[in-house]
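Engineer: The structure is given below, and queries will be raised subsequently.
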Amino acid sequence: MRRTGSARGALLAVLALLATAPAWANDDLDFYQTVDREEVGSQDTFRLTVVVVDAPPNAQVQLPESEDFEVLSSSRSSQRSISLSGGGPAVIQDVTRYVLVMRANRAGRLKIPPSQITVRGKTYRTQPVDLNVRTGRLGPSPQSQSGSSLPDPFANLPRQQMPDPFGDEPEDEPTIPRGDSDLFLRASLDRDDVYVGEQVTLSLYIYSRVDLSSVDSVTMPKLEGFWTEEVESPTQLSGEQKIVDGIPYRAYLLRRRALFPVKPGTLSITPAEADITTGFLFAGHRVHRVSNALKVKVRQLPPGAPPGMANAQVGSWRLSMDVSQTRVELGQPVTVKVILEGVGNVKNVTPPKLTGPAALKIYDPTTTDKVAPQRNRVQGRRVVEYLVMPQRTGTFTLPALEFPYFDPKQESYEVARTEPVTITVEAGAGGVATLPSSPSHVADAASEQKNVLTAGGLRPVRYQAKFVAPSEPPWKRGFFLPAVLAPLGLLLGVGLLGGVRGKLATRTEADRGRQQAKAARKRLAEAEKLQGGANVGAFYAEVEKAVHGFLEARLGVPVGGLTRDVLAEKLAAAGANEERRSRVLFVLEACDLGRYGGGGNPAERQKVMDAAAAAMEGWA
C-alpha cells in the first residue's frame, strides 16, 4: 500500500508540472516594442520599451540600432507573475522589459527598426515603430511627469500663493549634448534678462553617469562687461542626484559666481572648459569637456534717476551713520562711520562722502568690506570710517547723507537717508577755546590775567619830603679814586679771562645751532627704530620732536606754538625754498594724524621718515 501511494503522488506532481509549464515550451512567445509618444522634438528624449514574455534563459535579444537615433541610456528588468483563475491550473509568466532612453539625430518622419530575439535557432521580430520628429524641443514626455492618479490637493490654489523654495536655483534645465551623454559640462544662469548693475548668478556643473576621480583644471568663461564676485567654489567633489530628460545623473558644482553687468546690451559669456579624470587609481581616464555659451540681455536703467547715481547703485540698500561720541573736549578726536549695507554689488558701490563745517577737520577715510552671500545672492556691508578733529569749541552739525539706488524688484528709484548729527565741543582742562596747529601746549596770551592788584595794595602817589644839610662831595672822599679805577681793572681782568676761555672753548651762536641740529638728526634716527613697532603714536611723536628741534636750531626761535602759516613765513624768511617748506608742513600734518589713530600703514610711515630726512638735509 505504501508503494502504490508513492507512485500516485509522483504521477500527480508530473501532471501539475506539465500543466504549469511556461508558455515558451509550446512556442507561445509574446514579443513587442512601444514608445511613450509618437511625436517628439529633435532636442527631446523619449522611451522605447521592448517587452518579451516567457523567453527561455538562453534566448538572445537584439535591441534596435539606427543612425537616425542616439541611445542615451538603457536598463533591463524582469518579473514573474503567477495567476490562478476558475480553479484551473496556475499560469506562470516571466516578463522581461528593456527600456531605452533615445533621442533623434534629425527631424522628419523616422522609423525605429524592429527588435529581434532568437529562441532555439528561430528568430522573432517586433514591428517597427514610426516616429514624427520636429525641429527643436516640444517638451517633456508624458511619462516623465507624475504618473500618480491621485488628485492634486494644490491644483485649485493660485500660483502666487505657492512660493518656490528653490527660486534662486537656475531655471533653465540642462540639455544633454550629443556624443558626450555620459559626462558633460554645463553652465547656467538664474536669469538672462536684467538691468544694469543687477546680479546674475552663473553656475558651472559637471553632469556624470560615470565615476569621477578628480577635476584637474577649470577655465572659467571670459566675462567682459561684468563685475564678478565669487559666491561658491567647492574644494571637494560632492555630487547630488538630478534627472535630466528622464536620465539620472550625478551633478557636481564646480563654480558659482555673481555677475553684475556694467553696460546695457546683449552680453556674451564664452564657454567654460575643464579637464576631468574618471575612474580610480590606475584605471583613470582623462577627458576634456567644454560647456555651452550663454547670453544675457541687459536693460538700461529707466529714466528719472536721481542726480549723481551710478550703475553700481542697484539693489536694496540701507544707510546709517555711527558716531563714537557727540560731546567731546577740544583736542579729542571723533570717529564717524558711514555704513552702507544691503543686497547688491557691495565691493563696487560708493557710499556718500562725509562733509562738515570748517571747525571740524575731516581726515581721509579708511574703507572695510564684509560680504556674506546668502542663497547665492551677494549681500553685506561697506563701512567708511572717518577721523574728525574739532578745531575750536562750540556746537557743530554733520549734515544728513543720502544714497539713491534702483530697486530691480520694485523697478523704482529709492533713497536711503541718515539723520544729521550734532557734536558739542567743550574746552579742555586748560581752558583753551581753539586748538593750535601744533599739538604742543602753548599758553594763549589773551587768556592771561591783566590789571591785577599786588598783595600790598595801591602805593601812595608820593612820599613825604625830608630836608637835610648838603654832605661832602664824593670826589673829595677817600673811596672815590679806588672806586673809579676798580671797574677799569675788572674790565681788563675779564678781557684777559675771556681771551683765555675763548681759546679753550669758543661756542658761538652758529655752534649752538649746529649742536641742536645734530641732536635733532639723532632723534630722527631714534624715531626710525620705532618705525616698525606696534606703538604708532610714539613713532610720530618722536618724528615731530626731531623736526621741531631742527627748526628751532635753524630759526633760532621756539616753533611749538606757531601756526602753520606763521611757521611757513618764518621758514621763507630764513631762506627755505618752497619744496622744503612743503616737506616740513607735510611731516607735521602727518604726525598730527598719526598720533590720533591714523598712519598705521608701514608705507605711510616710511614716506614720513623720508620727507623728514629730506627737510633736514642741505640746509644753507
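With mature numbering (1 follows the signal peptide of the UniProt record, and there is no 0) as the guide, the letters of the sequence shown map in order to residues -25 to -1, 1 to 595. All residues carry an ideal CB built from backbone N, CA and C; glycine is no exception.
1) Give a yes or no on contact between the stretch 187 to 202 and the stretch 40 to 49, applying the rule of three or more CB pairs nearer than 8 Å.
2) Around the C-beta of residue 87, are 16 or more other C-beta atoms found within 10 angstroms, so that it is buried, or is it exposed?
3) CA-CA distance, residue 560 and residue 511?
4) Do you know offhand how far residue -3's Cα is from residue 6's?
5) Determine the direct distance from the alpha carbon of residue 207 to that of residue 213, and round the result to whole angstroms.
6) Jot down the residue ranges of each uninterrupted beta strand (DSSP E) in the stretch 333 to 360, minimum 3 residues, whole runs only, in chain order.
7) Taking contact to mean at least 3 C-beta pairs separated by less than 8 Å, is the stretch 271 to 279 in contact with the stretch 234 to 252?
8) Examine the Cβ distances between the stretch 392 to 403 and the stretch 305 to 322 and report whether three or more of them are shorter than 8 Å.
9) Once you ignore the five residues that flank residue 333 on each side, which residues in its own chain have a CB closer than 7 Å to its CB?
10) Take every Cβ of the stretch 352 to 360, pair it with every Cβ of the stretch 316 to 329, and state whether three or more of those distances are shorter than 8 Å.
11) Per DSSP, what kind of secondary structure is residue 166 in: helix, strand or coil?
12) Which one or two residues does DSSP pair with residue 389 in a beta bridge?
13) Using beta-carbon positions only, say whether residue 301 and residue 396 come within less than 8 Å of one another.
14) Pick out whichever of 69, 37, 70 has its Cα sitting closest to the Cα of residue 92.
15) Can you tell me which of the three DSSP states residue 454 falls into?
16) Using CA atoms only, rank isn't needed, just tell me which of 363, 297, 461, 351 is closest to residue 340.
17) Using only alpha-carbon positions, find the residue among 223, 99, 247, 175 that is nearest to residue 162.
18) Within the continuous beta strand (DSSP E) that includes residue 296, where are the two ends?
19) Using 8 Å as the threshold, is the C-beta distance between residue 75 and residue 23 below it?
20) Relative to the C-alpha of residue 83, which candidate in 17, 42, 40, 77 has its C-alpha closest?
21) Could you compute how far the alpha carbon of residue 569 sits from the alpha carbon of residue 245?
22) At a Cβ threshold of 8 Å, is residue 281 touching chain E?
23) Tell me the start and end of each unbroken beta strand (DSSP E) in the stretch 236 to 271 that is at least 3 residues and wholly inside, in chain order.
24) Taking the alpha-carbon of residue 314 as reference, which of 361, 10, 495 has the nearest alpha-carbon?
25) Determine, using beta-carbon pairs with one atom in the stretch 65 to 72 and one in the stretch 24 to 35, whether at least three such pairs fall under 8 Å.
26) What are the start and end residues of the alpha helix (DSSP H) that includes residue 37?
27) If you reduce the DSSP assignment to three classes, tell me which class residue 394 lands in.
28) Could you give the first and the last residue of the continuous beta strand (DSSP E) run that contains residue 317?
29) Can the beta-carbon of residue 491 be found closer than 8 Å to that of residue 528?
30) Between residue 14 and the rest of its own chain, which residues show a CB-CB distance below 6 Å, the 5 nearest in sequence each way excluded?
31) Does the Cβ of residue 320 have 16 or more other Cβ atoms within 10 Å, making it buried, or fewer, making it exposed?
32) For residue 544, which of helix, strand or coil comes out of DSSP?
33) How big is the Cα-Cα spacing for residue 388 and residue 154?
34) Considering only DSSP beta bridges, list what residue 105 is partnered with.
35) Under a Cβ-count criterion, where at least 16 other Cβ atoms within 10 Å of its own Cβ denotes burial, should residue 8 be classed as buried or exposed?
36) My output table needs one value for residue 47: the three-state DSSP class, helix, strand or coil.
Structural biologist: Answer, in terms of the structure:
1) no
2) Along the sequence shown, read from residue 1 onward, the residue named residue 87 stands at position 112. With 16 or more Cβ atoms within 10 Å of its Cβ, residue 87 is classed as buried.
3) By one-based count along the sequence shown, residue 560 stands at place 585. By one-based count along the sequence shown, residue 511 stands at place 536. Rounded to whole angstroms, residue 560 to residue 511 spans 20 Å at the Cα level.
4) Taking the first residue of the sequence shown as 1, we reach residue -3 at position 23. Taking the first residue of the sequence shown as 1, we reach residue 6 at position 31. The predicted model places residue -3 with a pLDDT of 43, which falls under 50 and marks its position as unreliable, so this point remains unresolved.
5) Within the sequence shown, residue 213 is the residue found at index 238, counting from 1. Within the sequence shown, residue 207 is the residue found at index 232, counting from 1. Computed Cα separation, rounded: 13 Å.
6) 335 to 337, 341 to 346
7) yes
8) yes
9) Indexing the sequence shown from 1 puts residue 333 at position 358. Same-chain partners within the cutoff: there are none.
10) yes
11) By 1-based counting over the sequence shown, the position of residue 166 is 191. Here residue 166 sits in coil by DSSP.
12) Against the sequence shown, residue 389 aligns to sequence position 414. DSSP lists 380 as partners of residue 389.
13) To locate residue 301, count along the sequence shown from 1; it is residue 326. To locate residue 396, count along the sequence shown from 1; it is residue 421. It is a contact, given that the beta carbons lie within the stated cut-off.
14) What you label residue 92 is simply residue 117 of the sequence shown in a count that begins at 1. When each option's Cα is compared against that of residue 92, the closest is 37.
15) For the purposes of this step, residue 454 is taken as the residue at position 479 of the sequence shown. If DSSP states are grouped into helix, strand and coil, residue 454 belongs with coil.
16) Translated into the one-based positions of the sequence shown, residue 340 becomes position 365. Of the listed residues, the one whose Cα sits closest to residue 340 is 363.
17) Locating residue 162 in the sequence shown gives position 187, counting from the first residue. Here the closest residue by C-alpha is 247.
18) If you number the sequence shown from 1, residue 296 lands on position 321. Per DSSP, residue 296 belongs to the beta strand (DSSP E) from 290 to 298.
19) For the purposes of this step, residue 75 is taken as residue 100 along the sequence shown, with counting starting at 1. For the purposes of this step, residue 23 is taken as residue 48 along the sequence shown, with counting starting at 1. In this structure, residue 23 lies closer than 8 Å to residue 75 by Cβ.
20) What you label residue 83 is simply residue 108 of the sequence shown in a count that begins at 1. Out of 17, 42, 40, 77, 17 has the C-alpha closest to the C-alpha of residue 83.
21) Residue numbering aside, residue 569 sits at position 594 when the sequence shown is read from its first letter. Residue numbering aside, residue 245 sits at position 270 when the sequence shown is read from its first letter. Going by the C-alpha atoms only, they are around 49 Å apart.
22) Among the protein chains of the structure shown there is no chain E, as only one such chain exists.
23) 240 to 244, 248 to 253, 260 to 265
24) In the sequence shown, the residue the question calls residue 314 occupies position 339. For residue 314, the nearest C-alpha among the options comes from 361.
25) yes
26) Mapped onto the sequence shown, residue 37 falls at position 62. Where residue 37 is concerned, there is no enclosing alpha helix (DSSP H), although the beta strand (DSSP E) it sits in stretches over 35 to 37.
27) Position 419 of the sequence shown, counted from the start, is the residue given in the question as residue 394. Coil at residue 394, not helix or strand.
28) Against the sequence shown, residue 317 aligns to sequence position 342. From DSSP, the beta strand (DSSP E) with residue 317 extends over 309 to 319.
29) On the sequence shown, position 516 is the one that residue 491 refers to. On the sequence shown, position 553 is the one that residue 528 refers to. Yes, they are a contact pair.
30) On the sequence shown, residue 14 is found 39 positions in, with the first residue counted as 1. Hits under 6 Å: 107.
31) Working through the sequence shown from its first residue, we reach residue 320 at position 345. Buried: at least 16 other Cβ atoms inside 10 Å.
32) Within the sequence shown, the letter at position 569 stands for residue 544. Three-state result, residue 544: helix.
33) Along the sequence shown, one-based indexing puts residue 388 at 413. Along the sequence shown, one-based indexing puts residue 154 at 179. Each residue's Cα considered, the two are about 49 Å apart.
34) Translated into the one-based positions of the sequence shown, residue 105 becomes position 130. Looking at the DSSP assignment, residue 105 forms a beta bridge with 86.
35) Position 33 of the sequence shown holds residue 8. Looking at its Cβ environment, which holds 16 or more other Cβ atoms inside 10 Å, residue 8 is buried.
36) Position 72 of the sequence shown, counting from 1, holds the residue named residue 47. Correct three-state label for residue 47: strand.
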